[in-house]
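Trainee: Position one of the sequence shown corresponds to residue 6 (the working numbering), numbered consecutively onward.
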Amino acid sequence: MSKKREQKWGWWFLLPLYPYQQRATVRQEVVEDTIWTFEQPHGLLYAVVPIRMTVVKLKQGGLLVYCPIAPTPECVKLMRELEARYGEVKYIIHSTSSGLEHKIFVAPFARRFPQAQIWCAPSQWSFPLNLPLSWLGFPPQRTYILPEDWRETPFSDEFKYAMVNIDLSKGSFAEVALLHKSTETLLVTDAVIKIPPSPPAILELNPFPLLFHARETALDKLEDTPENRLKGWQRICLFALYFRPSMVDTAPLKQLLKEAFNAPNRSRENYFGAYPFRWQSGWKQSFDAIASLEKPFVAPILETLILPQNPSAAINWANNIASWQFKQIIPAHFSAPIQATPLEFRQAFSFLDIESNRPEKLYPSGNQQIFSRDSTFIKQLEATLIKLNIAKPPKLKRVQGEDNSSLFS
Ligand SMILES: [Fe+2]
Numbered sequence: 006m007s008k009k010r011e012q013k014w015g016w017w018f019l020l021p022l023y024p025y026q027q028r029a030t031v032r033q034e035v036v037e038d039t040i041w042t043f044e045q046p047h048g049l050l051y052a053v054v055p056i057r058m059t060v061v062k063l064k065q066g067g068l069l070v071y072c073p074i075a076p077t078p079e080c081v082k083l084m085r086e087l088e089a090r091y092g093e094v095k096y097i098i099h100s101t102s103s104g105l106e107h108k109i110f111v112a113p114f115a116r117r118f119p120q121a122q123i124w125c126a127p128s129q130w131s132f133p134l135n136l137p138l139s140w141l142g143f144p145p146q147r148t149y150i151l152p153e154d155w156r157e158t159p160f161s162d163e164f165k166y167a168m169v170n171i172d173l174s175k176g177s178f179a180e181v182a183l184l185h186k187s188t189e190t191l192l193v194t195d196a197v198i199k200i201p202p203s204p205p206a207i208l209e210l211n212p213f214p215l216l217f218h219a220r221e222t223a224l225d226k227l228e229d230t231p232e233n234r235l236k237g238w239q240r241i242c243l244f245a246l247y248f249r250p251s252m253v254d255t256a257p258l259k260q261l262l263k264e265a266f267n268a269p270n271r272s273r274e275n276y277f278g279a280y281p282f283r284w285q286s287g288w289k290q291s292f293d294a295i296a297s298l299e300k301p302f303v304a305p306i307l308e309t310l311i312l313p314q315n316p317s318a319a320i321n322w323a324n325n326i327a328s329w330q331f332k333q334i335i336p337a338h339f340s341a342p343i344q345a346t347p348l349e350f351r352q353a354f355s356f357l358d359i360e361s362n363r364p365e366k367l368y369p370s371g372n373q374q375i376f377s378r379d380s381t382f383i384k385q386l387e388a389t390l391i392k393l394n395i396a397k398p399p400k401l402k403r404v405q406g407e408d409n410s411s412l413f414s
């Protein structure tokens, strides 16, 4: 089979995000003969980051899959190689209720592994219509909702988990953190991340998105150099974290059209030459501020919009997880594995500690002003959602005289 056919994802139109119908997969062994990560690229407007599933070999024989990705022929082939050595997929964990970018792959993945049980986070919902899981393709005869008590699952000999479930009024944010006890590895989905300083391997396979974002204007050539790949990655991270970073402006329409007309590359892939972004000179400081954080942190969207909706639920969850024994964390995006202690995991959530009213200084290298400035768009988004009655005002009281950048204060 050609590489193109191997990487084909026919259901791309269900959630039309880059790279659409061509999705490469990179498998990496994280713990010898025991844990593997599978990564694919994933994003919007070439703001592409890795999306990751994790596979764990079971002592009882077979495999457990956490947070499945698109089952392209290449991905399934890489899975079959593991199955040939270690046994069939026995359990698939659908670890989130709100992460559409993860949910969309679970049913198609499960269809390729018809003997596997599918265990889902509670409070599943869908948008725009709230459909039952079976309508979304989940096979009802082998799909289960994870019980509150992890001891009631058939994989409790090797794993335990803790779930957070936050009511967002129109839906919920639920996430399952799963601990593989023997390797002391914590699997999470969106809860915490760490930013890699350079482009991940999966994005180096097709560097076009990196080069796209490395330009200053549409008149610049798309040059494939290590410097441009790095610069593109740094800017992509800012888009992925802040949606509209404060250090980027957009060109006026007239100028945009004029430049597109004169652009050296007017291909469809390059949006016919259209490139609206104008990066201000200090943009690199914004990247350095997040890339210098050596420990896991909560992404700004969760920090601002989601977790403050129920701080005590999030803190209880983090406390529960922090009482476990682990030495590394594998999230579904950005860096993995992250070397981190339970205390460091807990510290990522200390912005929710209202009682202290002044969170401890966690990230001395972080810059509060920069984080506050870069989160402006998310804060505006929050205000709009509250006004439209889509979101509720946060229960978390912000520290007096400061804004919600308290994570980094
Ligand atoms: Fe996600």
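For every residue, glycine included, the Cβ atom is placed at its ideal position computed from N, Cα and C. As the structure is a prediction and not an experimental result, all values here were calculated from the model.
For the pair the segment 182 to 192 and the segment 107 to 116, tell me if three or more CB-CB distances fall below 8 Å.
Mentor: Touching, no.
Trainee: Assign Q146 to one of two classes, buried (16 or more other C-beta atoms within 10 Å of its C-beta) or exposed (fewer than that).
Mentor: Against the sequence shown, residue 146 aligns to sequence position 141. By the 10 Å Cβ count, Q146 comes out exposed.
Trainee: Measure the Cβ-Cβ separation of L243 and P250 and say whether it is below 8 Å.
Mentor: The residue you call residue 243 lines up with position 238 of the sequence shown. The residue you call residue 250 lines up with position 245 of the sequence shown. Going by C-beta atoms, L243 is nearer than 8 Å to P250.
Trainee: Going by CA-CA distance only, name the one from P231, L216, R378, S203 that's closest to S297.
Mentor: Taking the first residue of the sequence shown as 1, we reach residue 297 at position 292. Closest by alpha carbon: S203.
Trainee: Give me the Cα-Cα distance between Y276 and M252, rounded to the nearest whole angstrom.
Mentor: Translated into the one-based positions of the sequence shown, residue 276 becomes position 271. Translated into the one-based positions of the sequence shown, residue 252 becomes position 247. The alpha-carbon atoms of Y276 and M252 are separated by roughly 22 Å.
Trainee: In its own chain, which residues sit with a C-beta less than 6 Å from the C-beta of G142, not counting the 5 before and 5 after it?
Mentor: The residue given as residue 142 occupies position 137 in the sequence shown. Around G142: A112.
Trainee: Quick check: does the Cβ of E106 come within less than 7 Å of any heavy atom belonging to ligand 1?
Mentor: Position 101 of the sequence shown, counted from the start, is the residue given in the question as residue 106. At least one heavy atom of ligand 1 is nearer than 7 Å to the Cβ of E106, so yes.
Trainee: Under the DSSP definition of a beta bridge, which residues are partnered with N275?
Mentor: Residue 275 sits at position 270 when you count from the first residue of the sequence shown. N275 is not bridged to any residue.
Trainee: With 16 as the cutoff for other CB atoms within 10 Å, does E221 come out buried or exposed?
Mentor: Here residue 221 is taken as the residue at index 216 of the sequence shown, counted from 1. With fewer than 16 Cβ atoms within 10 Å of its Cβ, E221 is classed as exposed.
Trainee: Taking 8 Å as the cut-off, does the segment 63 to 71 touch the segment 232 to 247 (at least 3 CB pairs, one atom from each stretch)?
Mentor: The segment 232 to 247 vs the segment 63 to 71: no contact.
Trainee: Scan the segment 225 to 260 and note each continuous beta strand (DSSP E) run of 3 residues or more that stays entirely inside, going in chain order.
Mentor: Taking only runs of at least 3 residues, the beta strand (DSSP E) segments lying wholly in the segment 225 to 260 are 253 to 255.
Trainee: Could you say if the segment 90 to 107 and the segment 25 to 32 meet the contact criterion of at least three C-beta pairs nearer than 8 Å?
Mentor: Judged by Cβ distances under 8 Å, the segment 90 to 107 makes no contact with the segment 25 to 32, as fewer than three pairs qualify.
Trainee: Could you spell out where the alpha helix (DSSP H) holding F350 opens and where it closes?
Mentor: Indexing the sequence shown from 1 puts residue 350 at position 345. It spans 347 to 352 - the alpha helix (DSSP H) in which F350 sits, taken as one unbroken run.
Trainee: Using the C-alpha atoms, what's the distance from K64 back to T39?
Mentor: Position 34 of the sequence shown, counted from the start, is the residue given in the question as residue 39. Position 59 of the sequence shown, counted from the start, is the residue given in the question as residue 64. Using only the alpha carbons, I get a separation of about 9 Å.
Trainee: Locate the beta strand (DSSP E) running through V94, then write down its first and last residues.
Mentor: Here residue 94 corresponds to residue number 89 of the sequence shown, with the count starting at 1. Counting along the chain, the beta strand (DSSP E) containing V94 begins and ends at 94 to 99.
Trainee: For T381, which of helix, strand or coil comes out of DSSP?
Mentor: Taking the sequence shown and counting its residues from 1, the one referred to as residue 381 is at position 376. Helix.
Trainee: Select from A327, A337, P212 the residue whose C-alpha is nearest the C-alpha of T230.
Mentor: The sequence position of residue 230 within the sequence shown is 225, counting from 1. Taking only the C-alpha atoms, the option nearest T230 is P212.
Trainee: Could you have a look at K62 and say whether DSSP puts it in helix, strand or coil?
Mentor: Taking the sequence shown and counting its residues from 1, the one referred to as residue 62 is at position 57. Strand, per DSSP.
Trainee: Can you give me the Cβ contacts of I150 inside the same chain, cut-off strictly under 6 Å, excluding the 5 residues immediately before and after it?
Mentor: Counting from one through the sequence shown, the residue named residue 150 turns up at place 145. So the qualifying residues of the chain are C125, P127.
Trainee: Assign M6 to one of three DSSP states: helix, strand, or coil.
Mentor: On the sequence shown, residue 6 is found 1 positions in, with the first residue counted as 1. DSSP places M6 in coil when its eight states are reduced to three.
Trainee: Is Q314 helix, strand or coil by DSSP?
Mentor: Stepping through the sequence shown from its first residue, residue 314 is reached at position 309. In the structure shown, Q314 sits in a helix (DSSP, three-state: H, G or I).
Trainee: My output table needs one value for Q33: the three-state DSSP class, helix, strand or coil.
Mentor: Locating residue 33 in the sequence shown gives position 28, counting from the first residue. In this structure, Q33 counts as strand in the three-state DSSP scheme.
Trainee: Should D195 be counted as a contact of ligand 1 given a C-beta to heavy atom distance under 7 Å?
Mentor: Walking along the sequence shown from the start, residue 195 turns up at place 190. Yes, the Cβ of D195 comes within 7 Å of a heavy atom of ligand 1.
Trainee: Within the continuous beta strand (DSSP E) that includes V169, where are the two ends?
Mentor: On the sequence shown, residue 169 is found 164 positions in, with the first residue counted as 1. Looking at the DSSP string, the run of the beta strand (DSSP E) that includes V169 is 164 to 172.
Trainee: Answer with buried or exposed for G48, where buried requires no fewer than 16 other C-beta atoms within 10 angstroms of its C-beta.
Mentor: Locating residue 48 in the sequence shown gives position 43, counting from the first residue. Answer is buried; the Cβ neighbour count reaches 16.
Trainee: Is any non-hydrogen atom of ligand 3 found closer than 7 Å to the C-beta of H99, if you look at the structure I gave you?
Mentor: Ligand 3 is absent from the structure shown, which contains only ligand 1.
Trainee: Considering just the uninterrupted stretch of the alpha helix (DSSP H) at F356, what are its terminal residues?
Mentor: Within the sequence shown, residue 356 is the residue found at index 351, counting from 1. Neither: F356 is in no alpha helix (DSSP H) and is coded neither H nor E.
Trainee: Distance check for L258 and T42, CA to CA, integer angstroms please.
Mentor: Here residue 42 refers to the residue found at position 37 when the sequence shown is read from its first residue. Here residue 258 refers to the residue found at position 253 when the sequence shown is read from its first residue. Rounded to the nearest angstrom, the two C-alpha atoms are 43 Å apart.
Trainee: Count the other CB atoms, across all protein chains shown, that sit within 10 Å of the CB of P301; report buried if there are 16 or more and exposed otherwise.
Mentor: Taking the sequence shown and counting its residues from 1, one reaches residue 301 at position 296. When all chains shown are included, P301 counts as buried.
Trainee: Applying the criterion that 16 or more other CB atoms from any shown protein chain within 10 Å of the CB defines a buried residue, is Q239 buried or exposed?
Mentor: Counting from one through the sequence shown, the residue named residue 239 turns up at place 234. Looking at its Cβ environment, which holds 16 or more other Cβ atoms inside 10 Å, Q239 is buried.
Trainee: My assumption, with CB atoms under 8 Å, is that I375 sits in contact with F354. Please give the rounded CB distance.
Mentor: Residue 375 sits at position 370 when you count from the first residue of the sequence shown. Residue 354 sits at position 349 when you count from the first residue of the sequence shown. Not really, about 21 Å apart at Cβ, beyond 8 Å.
Trainee: So the beta strand (DSSP E) C72 belongs to, where does it begin and stop?
Mentor: Along the sequence shown, read from residue 1 onward, the residue named residue 72 stands at position 67. Note, C72: premise wrong, no beta strand (DSSP E); not H, not E.
Trainee: Pick out whichever of Q45, Q330, E209, S380 has its Cα sitting closest to the Cα of F292.
Mentor: Here residue 292 is taken as the residue at index 287 of the sequence shown, counted from 1. Comparing Cα-Cα distances from F292 to each of Q45, Q330, E209, S380, the minimum goes to S380.
Trainee: Looking at A341 and ligand 1, is the gap between the Cβ and the nearest heavy atom below 7 Å?
Mentor: For the purposes of this step, residue 341 is identified with residue 336 of the sequence shown, where counting begins at 1. Checking every heavy atom of ligand 1 against the Cβ of A341, none is found closer than 7 Å.
Trainee: Got a sec, what are the start and stop residues for the beta strand (DSSP E) L49 sits in?
Mentor: Numbered from 1 along the sequence shown, position 44 holds the residue referred to as residue 49. Per DSSP, L49 belongs to the beta strand (DSSP E) from 40 to 49.
Trainee: Ordered along the chain, which non-local residues of its own chain (more than five positions away) have a Cβ less than 8 Å from that of Y51?
Mentor: Indexing the sequence shown from 1 puts residue 51 at position 46. Result list for Y51: Y23, F213, P214, F217, H218, I241, in chain order.
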